[in-house]
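Residue 115 in numbering that gives the first Met the number 0 sits at position 116 of the sequence shown, and the numbers go up by one each step. By construction, the Cβ of each residue, glycine as well, lies at the ideal position given by its N, Cα and C atoms. Quick notes on the structure that follows.
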Amino acid sequence: MDKKKLQETIIAVLEYLQDKGAGNKTIQGVLLELNNTINPDIASQYIDTTEEDYRRIAIESITSYHDTNKTFHDIAIQQAKEIQKIKQERDLIDVDLLQEKFSDIQEHMISEIKRANREISRLTQKVKALEEESNLDPLTKVFNRRALNTYLENICKIGKLHHEL
Numbered sequence: 000m001d002k003k004k005l006q007e008t009i010i011a012v013l014e015y016l017q018d019k020g021a022g023n024k025t026i027q028g029v030l031l032e033l034n035n036t037i038n039p040d041i042a043s044q045y046i047d048t049t050e051e052d053y054r055r056i057a058i059e060s061i062t063s064y065h066d067t068n069k070t071f072h073d074i075a076i077q078q079a080k081e082i083q084k085i086k087q088e089r090d091l092i093d094v095d096l097l098q099e100k101f102s103d104i105q106e107h108m109i110s111e112i113k114r115a116n117r118e119i120s121r122l123t124q125k126v127k128a129l130e131e132e133s134n135l136d137p138l139t140k141v142f143n144r145r146a147l148n149t150y151l152e153n154i155c156k157i158g159k160l161h162h163e164l
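Written out as structure tokens, the structure reads:
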């Protein structure tokens, strides 16, 4: 039997055992029996590693394949459950709840608009008060009479100034 045919046969046996749900111990036993039946002369031509290393790598590969297969199976089951759940939820859309949520959003937006309008009004009043107290007339942008009068009264109260006007 040539190397390729031997590999195909071993792989077919391992896949068969996996499909039948054989445990790692059973698979390990089969590998040991296969190893014992191979002619040592033929095996030495094709296998560069030692017998123990080959057996260890084969067992690790089978274990890894089994774990990966189980993980994919678990993911497929979970995905099927989620798809079924989504299909059921799609059929049961609660229109009243949907309207209620949109109403809540609309009420929240209206309250935010009212709050923003109150803040704008408050700031407008503050600007108006600052314009009245400032030295500039808001319309002409020149010193206003009231501010000028207040300024001159303060200077007159001081009396003697150290600077020239």
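Distance CB(Leu-31)-CB(Ile-9) smaller than 8 Å: no
Just to check, is the beta-carbon of Asn-153 closer than 7 Å to a non-hydrogen atom of the ligand FAD? As for the ligand FAD, it is missing from this structure, which has no ligand bound.
Taking Ile-191 and Leu-13 to be in contact with their CB atoms under 8 Å, please state how far apart those CB atoms are, rounded to whole angstroms. Look at the range of the chain in this structure, 0 to 164, and you will see that residue 191 is not part of it.
Cβ of Asn-23 less than 8 Å from any chain C Cβ? Structure shown: chain C not included; a single protein chain is present.
With 16 as the cutoff for other CB atoms within 10 Å, does Ile-104 come out buried or exposed? exposed
For Tyr-64, I'd like the list of residues in its chain whose CB is within less than 6 Å of its CB, leaving aside the five on either flank, ordered along the chain. none
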